[in-house]
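Peer 1: So the sequences go chain by chain: S and G.
Residue 365 in the numbering used here sits at position 364 of the first sequence, and the numbers go up by one each step.
Residue 130 in the numbering used here sits at position 129 of the second sequence, and the numbers go up by one each step.
Following this message is one structure expressed as structure tokens.
2 protein chains.
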Amino acid sequence: MTEYDLPVVERHPYLWGNVDTPGHLPDAAGDAMSALGAVPPGPAVDPANARLPQTSLPAEVTAALTAALGAEHVDSGRSARVRRTRGFSTPDLLKLRSGDATDAPDAVLFPGSHDDVVRVLEICTEHRVAVVPFSGGTSVVGGLAPVRAGFAGVVALDLRRLDRLVGVDEISRTAVLETGLRGVAAERLLAERGYTLGHFPQSYEMATVGGYAAARSAGQSSAGYGRFDEMVVGLTVATPRGTLTLGTAPKSAAGPDLRQLVLGSEGAFGVITSVTVRVRPRPAARVFEGWKFGSFAEGAAALRALVQDGVRPTVLRLSDEAETAVNLADPDAAAGGSGSGGCLVIAGYEGDAEEVEATRAAAAERLLAHGGQNQGAEPGEKWREGRFRGPYLRDPLFDAGALVETLETATFWSNIESLKTAVSEAVQGALNAQDCANLVMCHISHVYETGASLYFTVVTRQLDDPVAQWAKAKEAANAAIRAHGATISHHHGVGTDHRETLALELGPIGIDMIKAVKSSVDPAGVLNPGILIG
Amino acid sequence: MTEYDLPVVERHPYLWGNVDTPGHLPDAAGDAMSALGAVPPGPAVDPANARLPQTSLPAEVTAALTAALGAEHVDSGRSARVRRTRGFSTPDLLKLRSGDATDAPDAVLFPGSHDDVVRVLEICTEHRVAVVPFSGGTSVVGGLAPVRAGFAGVVALDLRRLDRLVGVDEISRTAVLETGLRGVAAERLLAERGYTLGHFPQSYEMATVGGYAAARSAGQSSAGYGRFDEMVVGLTVATPRGTLTLGTAPKSAAGPDLRQLVLGSEGAFGVITSVTVRVRPRPAARVFEGWKFGSFAEGAAALRALVQDGVRPTVLRLSDEAETAVNLADPDAAAGGSGSGGCLVIAGYEGDAEEVEATRAAAAERLLAHGGQNQGAEPGEKWREGRFRGPYLRDPLFDAGALVETLETATFWSNIESLKTAVSEAVQGALNAQDCANLVMCHISHVYETGASLYFTVVTRQLDDPVAQWAKAKEAANAAIRAHGATISHHHGVGTDHRETLALELGPIGIDMIKAVKSSVDPAGVLNPGILIG
Numbered sequence: 002m003t004e005y006d007l008p009v010v011e012r013h014p015y016l017w018g019n020v021d022t023p024g025h026l027p028d029a030a031g032d033a034m035s036a037l038g039a040v041p042p043g044p045a046v047d048p049a050n051a052r053l054p055q056t057s058l059p060a061e062v063t064a065a066l067t068a069a070l071g072a073e074h075v076d077s078g079r080s081a082r083v084r085r086t087r088g089f090s091t092p093d094l095l096k097l098r099s100g101d102a103t104d105a106p107d108a109v110l111f112p113g114s115h116d117d118v119v120r121v122l123e124i125c126t127e128h129r130v131a132v133v134p135f136s137g138g139t140s141v142v143g144g145l146a147p148v149r150a151g152f153a154g155v156v157a158l159d160l161r162r163l164d165r166l167v168g169v170d171e172i173s174r175t176a177v178l179e180t181g182l183r184g185v186a187a188e189r190l191l192a193e194r195g196y197t198l199g200h201f202p203q204s205y206e207m208a209t210v211g212g213y214a215a216a217r218s219a220g221q222s223s224a225g226y227g228r229f230d231e232m233v234v235g236l237t238v239a240t241p242r243g244t245l246t247l248g249t250a251p252k253s254a255a256g257p258d259l260r261q262l263v264l265g266s267e268g269a270f271g272v273i274t275s276v277t278v279r280v281r282p283r284p285a286a287r288v289f290e291g292w293k294f295g296s297f298a299e300g301a302a303a304l305r306a307l308v309q310d311g312v313r314p315t316v317l318r319l320s321d322e323a324e325t326a327v328n329l330a331d332p333d334a335a336a337g338g339s340g341s342g343g344c345l346v347i348a349g350y351e352g353d354a355e356e357v358e359a360t361r362a363a364a365a366e367r368l369l370a371h372g373g374q375n376q377g378a379e380p381g382e383k384w385r386e387g388r389f390r391g392p393y394l395r396d397p398l399f400d401a402g403a404l405v406e407t408l409e410t411a412t413f414w415s416n417i418e419s420l421k422t423a424v425s426e427a428v429q430g431a432l433n434a435q436d437c438a439n440l441v442m443c444h445i446s447h448v449y450e451t452g453a454s455l456y457f458t459v460v461t462r463q464l465d466d467p468v469a470q471w472a473k474a475k476e477a478a479n480a481a482i483r484a485h486g487a488t489i490s491h492h493h494g495v496g497t498d499h500r501e502t503l504a505l506e507l508g509p510i511g512i513d514m515i516k517a518v519k520s521s522v523d524p525a526g527v528l529n530p531g532i533l534i535g
Numbered sequence: 002m003t004e005y006d007l008p009v010v011e012r013h014p015y016l017w018g019n020v021d022t023p024g025h026l027p028d029a030a031g032d033a034m035s036a037l038g039a040v041p042p043g044p045a046v047d048p049a050n051a052r053l054p055q056t057s058l059p060a061e062v063t064a065a066l067t068a069a070l071g072a073e074h075v076d077s078g079r080s081a082r083v084r085r086t087r088g089f090s091t092p093d094l095l096k097l098r099s100g101d102a103t104d105a106p107d108a109v110l111f112p113g114s115h116d117d118v119v120r121v122l123e124i125c126t127e128h129r130v131a132v133v134p135f136s137g138g139t140s141v142v143g144g145l146a147p148v149r150a151g152f153a154g155v156v157a158l159d160l161r162r163l164d165r166l167v168g169v170d171e172i173s174r175t176a177v178l179e180t181g182l183r184g185v186a187a188e189r190l191l192a193e194r195g196y197t198l199g200h201f202p203q204s205y206e207m208a209t210v211g212g213y214a215a216a217r218s219a220g221q222s223s224a225g226y227g228r229f230d231e232m233v234v235g236l237t238v239a240t241p242r243g244t245l246t247l248g249t250a251p252k253s254a255a256g257p258d259l260r261q262l263v264l265g266s267e268g269a270f271g272v273i274t275s276v277t278v279r280v281r282p283r284p285a286a287r288v289f290e291g292w293k294f295g296s297f298a299e300g301a302a303a304l305r306a307l308v309q310d311g312v313r314p315t316v317l318r319l320s321d322e323a324e325t326a327v328n329l330a331d332p333d334a335a336a337g338g339s340g341s342g343g344c345l346v347i348a349g350y351e352g353d354a355e356e357v358e359a360t361r362a363a364a365a366e367r368l369l370a371h372g373g374q375n376q377g378a379e380p381g382e383k384w385r386e387g388r389f390r391g392p393y394l395r396d397p398l399f400d401a402g403a404l405v406e407t408l409e410t411a412t413f414w415s416n417i418e419s420l421k422t423a424v425s426e427a428v429q430g431a432l433n434a435q436d437c438a439n440l441v442m443c444h445i446s447h448v449y450e451t452g453a454s455l456y457f458t459v460v461t462r463q464l465d466d467p468v469a470q471w472a473k474a475k476e477a478a479n480a481a482i483r484a485h486g487a488t489i490s491h492h493h494g495v496g497t498d499h500r501e502t503l504a505l506e507l508g509p510i511g512i513d514m515i516k517a518v519k520s521s522v523d524p525a526g527v528l529n530p531g532i533l534i535g
């Protein structure tokens with residue numbers, strides 16, 4: 002099975018992805034859990050018994066929404082509401098596992114068109130009802146639990162009916178995609194026409210095109226295909242004031258690029274209902290390889306040399322010693338260190354056969370020159386096969402009493418090493434202070450000429466209040482990121498978790514720019530209140 | 002002489018560039034002018050005799066500015082004011098040639114630091130004085146003549162003292178440039194360190210780094226080096242509310258990308274005082290070649306194949322039949338058609354020798370496959386040598402009674418042919434209706450996977466009121482661009498000339514977003530009023 006033929010599955014309230022293909026911890030994981038002192042916390046509360054908020058929508062709101070969408074597209078049932086309670090961060094999942102669904106929306110709406118969305122926003126503006134766009138529901142930064150205080154209610158907008166590939170312009174190599182399309186569904190529709198977006202975030206099985214756009218997603222193939230915000234050339238946005246349409250050319254000097262203002266707005270400025278994106282022919286050939294480096298610094302220097310020399314594999318990532326040892330590159334396979342130490346680089350090449358070979362040769366020359374040792378195709382193919390399996394491991398880890406979470410940032414190359422050290426030490430310090438032995442792993446998975454991302458995976462034992470436990474580690478990480486002048490998120494977004502750090506990163510003038518735009522398009526403030534900005 | 006060792010020269014009120022290297026019309030141009038019916042209009046008015054506005058700054062404002070900057074950095078003299086009267090569009094130059102300097106600022110300020118600029122903006126906000134950033138003064142869209150009504154005066158901010166290369170980060174391949182640096186000066190400073198921006202707009206000899214950023218410049222080498230807005234990773238902006246600093250990583254998901262909001266803001270949101278830009282090693286090798294295609298459509302298909310296949314020459318441009326015939330590629334050399342018809346492509350390759358050869362071979366394969374005939378290095382080298390000479394020809398053309406102006410747009414590939422036809426016909430129609438025989442030439446000079454720019458050069462005879470004459474042609478062009486869904490500017494910007502069309506392009510919600518940001522950072526509305534938005 003490749004990334005082009007995964008099924009579209011229903012979202013579970015707290016289990017990742019396709020529940021028919023759950024993650025399994027390797028046998029050796031038991032020892033590792035014991036070493037961390039993890040104790041299984043008992044089973045999760047059945048979602049059917051979760052505590053829901055007592056609120057409900059005013060009858061006149063329900064009537065107006067029902068009149069607009071049809072009764073079958075307004076669901077106030079417990080199951081629908083619990084399924085749209087928060088996102089997939091570790092705190093989100095732990096809360097739901099503990100039976101806390103108090104952030105559930107009052108109703109779930111299923112608009113069938115852009116005009117439906119515009120009408121819903123009119124109604125919600127008139128009645129001061131908060132609106133959270135909720136399709137894939139994969140936010141890991143608290144982007145799906147808007148402020149309730151001051152509003153007559155909260156509705157979740159599930160865009161799943163906006164699922165069309167509206168058209169492909171084969172000359173311009175663009176496609177118009179509705180934003181309720183899951184990533185897998187979009188790729189399947191494009192594949193039928195011979196194209197691919199090339200956008201494969203780890204959340205690929207669950208995330209939607211709208212989420213990609215609203216939260217500035219970056220996929221595992223970003224070295225070759227770019228970030229999602231680099232693929233978007235046009236947007237249609239439903240706002241409380243009506244329709245905003247952007248994108249008249251690939252690039253323009255007609256004022257500020259408002260596309261880049263809507264991308265990353267996380268539902269605060271409007272609901273993106275379709276995007277026009279650059280597509281590419283489905284690759285005819287691909288090769289994934291592993292390379293081993295003696296240290297993270299050497300590996301980083303090699304990646305930097307590639308991207309600064311203009312040699313762009315499709316996938317390029319570097320695991321540090323800890324991550325290499327745990328072999329997260331193949332999380333469903335046998336655990337434990339590779340035994341040989343060092344830092345693993347995965348380099349993947351896609352395109353026509355000639356292009357793959359040319360890029361591979363140019364990359365190999367530089368990887369060798371920087372001290373890399375070719376590990377052949379096996380580690381590359383193992384990584385490729387397991388590329389979407391990482392999140393599946395979190396569920397059995399929770400069951401085993403582990404706390405596992407990720408966080409990420411980006412900075413310029415000259416700052417990479419010190420940022421990595423600072424964030425690692427901050428997280429370790431916060432967990433050690435709680436007497437929690439821990440493992441902090443890191444990789445680079447997105448590279449640019451001037452810098453790169455850093456992605457951390459943290460594993461420790463769960464305390465009695467694991468949400469509070471993690472909050473201390475996360476706060477320390479945020480402070481370290483800010484102190485080192487890096488960005489609070491490379492591709493996860495802001496949500497509520499990064500809101501305060503964003504305010505420091507952009508400063509009061511920058512934040513006020515965002516607030517001014519929001520006030521302009523959403524005078525009643527009903528769009529995802531409390532997300533992105535306070 | 003290469004682009005790396007051109008001098009920094011003083012801006013003349015209405016003559017382009019280095020007045021020691023004026024443009025000369027080729028002998029054959031006389032016949033062409035006669036054919037168009039051009040009659041020399043008599044000599045331009047000496048700038049020393051131009052009509053200046055009667056206004057002056059209130060004494061308290063002058064006192065405050067003098068206290069802030071020093072008397073030697075506040076110049077209310079006639080010469081300084083006339084030199085900062087409007088930009089370099091044809092209407093701008095014709096007005097000044099006729100002796101009309103009524104848009105002159107009341108004073109010219111020379112701040113020496115970012116803090117000086119912040120202080121000036123405070124003073125101007127307090128006293129409601131309009132501020133126009135004016136360094137290169139090369140706007141061709143009316144971006145340098147702000148609204149005067151309702152303000153106590155107008156000051157031009159000449160940033161020439163902000164001329165430092167603040168630093169180079171050799172690991173991250175970034176440089177911090179102050180924005181008063183002329184393009185030529187920035188390249189010279191970077192060259193001393195072994196680097197280049199690779200940004201060479203036709204205005205290169207006069208434009209500044211600040212103008213590049215504020216107006217979303219794209220240079221002739223954009224195929225290889227990208228647009229200026231793609232080079233910027235950080236910005237420092239002086240606003241009436243203080244300092245805004247943006248750019249913590251190459252890319253981020255920490256909310257909307259506010260860098261892309263400031264880029265293209267044309268002085269309406271603040272004064273960009275420094276930028277952090279991606280730099281590259283100075284190329285060791287370069288080759289420029291010419292290719293001939295049977296038609297514009299064939300040439301465009303070839304360019305599209307290159308960029309969609311990921312083959313990126315440094316320079317890639319296609320002249321249509323008319324432009325090829327007039328041989329604008331070498332404007333100072335013998336005029337007249339090449340005799341062989343067709344459409345000329347210039348493909349330039351820069352980098353290390355191996356890279357140049359590899360890209361050249363990959364490009365040649367595709368250019369041949371699309372029907373191109375290799376013309377060898379001569380046309381390429383001629384284009385390269387004359388690459389900044391185009392604007393020099395406008396001055397003698399004015400003297401000869403010709404009206405010459407350019408305009409540009411961009412669209413997606415599938416729309417290129419119909420847009421080119423529509424704009425050409427619109428301009429020709431508007432001039433023919435005024436009984437003005439004309440020549441409309443076009444080229445593609447910036448290519449993207451999904452589309453390209455179109456750049457038009459128009460030559461006709463001057464009527465008695467050439468400003469009104471051109472306005473009709475320009476209005477028709479703007480309408481055609483809008484009707485075909487293209488952008489009103491690929492790289493010239495908005496200024497006042499494109500303001501109304503921008504409002505149609507972005508729609509009321511988009512324009513209100515811009516206005517909201519402006520109100521937030523510039524509550525008194527003193528920053529370049531009337532530019533970008535009304």
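C-beta atoms are modelled at their ideal positions from N, C-alpha and C, and glycine is treated no differently.
If you're wondering where the values come from, they're calculated on a predicted model, not measured in any experiment.
1) Does DSSP put S:Trp292 in a helix, in a strand, or in coil?
2) Does the beta carbon of S:Leu245 sit closer than 8 Å to a beta carbon anywhere in chain G?
3) Listed from N- to C-terminal order along the chain, which residues in the segment 401–424 of chain S have their beta-carbon within a distance smaller than 8 Å of any beta-carbon of chain G?
4) Within this structure, are the beta carbons of S:Val133 and S:Asn529 separated by less than 8 Å?
5) Run through the DSSP bridge pairs and tell me what G:Pro282 is partnered with.
6) Just to confirm the assignment, what range does the alpha helix (DSSP H) spanning G:Met232 have?
7) Rounding to the nearest angstrom, what Cα-Cα distance links G:Leu259 and G:Thr244 in this structure?
8) Mind checking whether S:Leu158 and S:Leu191 have CB atoms under 8 Å apart?
9) Any contact of the segment 19–29 of chain S with the segment 431–445 of chain S, i.e. 3+ C-beta pairs under 8 Å?
10) So S:Arg462 is in the beta strand (DSSP E); what residue range does that whole segment cover?
11) G:Leu262 and S:Met514 - do their beta-carbons sit closer together than 8 Å?
12) So the beta strand (DSSP E) G:Leu394 belongs to, where does it begin and stop?
13) Touching or not, the segment 85–99 of chain S and the segment 131–146 of chain S, by the rule of three or more beta carbon pairs under 8 Å?
14) Contact between the segment 217–237 of chain G and the segment 270–279 of chain G is defined here as three or more beta-carbon pairs at a separation below 8 Å; is this criterion met?
15) Anything in the segment 479–496 of chain S with a Cβ closer than 7 Å to a Cβ of chain G? List those residues in chain order, please.
16) Does the distance from the C-beta atom of G:Phe270 to that of G:Lys516 stay below 8 Å?
17) I'd like to know if S:Gly340 contacts chain G, where contact means its C-beta is closer than 8 Å to some C-beta of that chain.
18) For a contact defined as C-beta to C-beta under 7 Å, what are the partners of G:Val234 on chain S?
19) Name the chain G residues that come within less than 9 Å of S:Val522, Cβ to Cβ?
20) Just reading off the beta strand (DSSP E) that S:Phe135 is part of, what are its end residues?
21) Would a check of beta-carbon distances place G:Leu507 closer than 8 Å to chain S?
22) Could you spell out where the beta strand (DSSP E) holding G:Cys443 opens and where it closes?
23) Can you list the alpha helix (DSSP H) stretches of 4 or more residues lying completely in the segment 82–147 of chain G, in chain order?
24) For S:Gln429, which of helix, strand or coil comes out of DSSP?
25) Quick check: the Cα distance between G:Pro147 and S:Pro147, rounded to an integer number of angstroms?
Peer 2: To lay it out plainly:
1) Mapped onto the first sequence, residue 292 of chain S falls at position 291. DSSP places S:Trp292 in strand when its eight states are reduced to three.
2) On the first sequence, position 244 is the one that residue 245 of chain S refers to. So yes, S:Leu245 belongs to the interface.
3) The residues in question are Thr410, Ala411, Thr412, Phe413, Trp414, Ser415, Asn416.
4) As a position in the first sequence, residue 133 of chain S is number 132, starting the count at 1. As a position in the first sequence, residue 529 of chain S is number 528, starting the count at 1. Contact flag set, yes.
5) The residue given as residue 282 of chain G occupies position 281 in the second sequence. Assignment of beta-bridge partners to G:Pro282 by DSSP yields G:Tyr196.
6) Position 231 of the second sequence, counted from the start, is the residue given in the question as residue 232 of chain G. Element bounds for G:Met232: 229–232.
7) Within the second sequence, the letter at position 258 stands for residue 259 of chain G. Within the second sequence, the letter at position 243 stands for residue 244 of chain G. The straight-line gap from Cα to Cα measures roughly 14 Å.
8) Taking the first residue of the first sequence as position 1, residue 158 of chain S is located at position 157. Taking the first residue of the first sequence as position 1, residue 191 of chain S is located at position 190. For S:Leu158 and S:Leu191, no; Cβs fall outside 8 Å.
9) The segment 431–445 of chain S and the segment 19–29 of chain S do not touch, with fewer than three beta-carbon pairs separated by less than 8 Å.
10) For the purposes of this step, residue 462 of chain S is identified with residue 461 of the first sequence, where counting begins at 1. Its beta strand (DSSP E) spans residues 452–462.
11) As a working mapping, residue 514 of chain S is identified with position 513 in the first sequence. As a working mapping, residue 262 of chain G is identified with position 261 in the second sequence. Contact: yes.
12) Looking up residue 394 of chain G in the second sequence gives position 393. Here G:Leu394 belongs to no beta strand (DSSP E), and DSSP marks it neither H nor E.
13) Verdict: yes, contact present.
14) In short, these stretches touch, since the Cβ pair count reaches three.
15) Within the segment 479–496 of chain S, the residues whose Cβ lies closer than 7 Å to some Cβ of chain G are Gly486, Ala487, Thr488, Ile489, Ser490, His491, His492, His493, Gly494, Val495, listed in chain order.
16) As a working mapping, residue 270 of chain G is identified with position 269 in the second sequence. As a working mapping, residue 516 of chain G is identified with position 515 in the second sequence. For the pair G:Phe270 and G:Lys516, the CB atoms are not nearer than the 8 Å cut-off.
17) As a position in the first sequence, residue 340 of chain S is number 339, starting the count at 1. In this predicted model, S:Gly340 has a pLDDT of only 46, less than 50, meaning its place in the structure is not dependable enough to derive any value.
18) Taking the second sequence and counting its residues from 1, one reaches residue 234 of chain G at position 233. Among the residues of chain S, those whose CB is under 7 Å from the CB of G:Val234 are Thr451, following chain order.
19) If you number the first sequence from 1, residue 522 of chain S lands on position 521. The contacting residues are Ile510, Asp513, Met514, Ala517.
20) Here residue 135 of chain S refers to the residue found at position 134 of the first sequence. In the DSSP annotation of this structure, S:Phe135 is not part of any beta strand (DSSP E), being labelled neither H nor E.
21) Within the second sequence, the letter at position 506 stands for residue 507 of chain G. Interface criterion met: the Cβ of G:Leu507 is under 8 Å from a Cβ in chain S.
22) Residue numbering aside, residue 443 of chain G sits at position 442 when the second sequence is read from its first letter. Following the DSSP letters along the chain, one finds G:Cys443 inside the beta strand (DSSP E) bounded by residues 439–445.
23) The segment 82–147 of chain G contains these whole alpha helix (DSSP H) runs: 91–98, 115–128.
24) By 1-based counting over the first sequence, the position of residue 429 of chain S is 428. Of the three classes helix, strand and coil, the one that applies to S:Gln429 here is helix, per DSSP.
25) Along the second sequence, read from residue 1 onward, the residue named residue 147 of chain G stands at position 146. Along the first sequence, read from residue 1 onward, the residue named residue 147 of chain S stands at position 146. When rounded, the distance between both Cα atoms is 43 Å.
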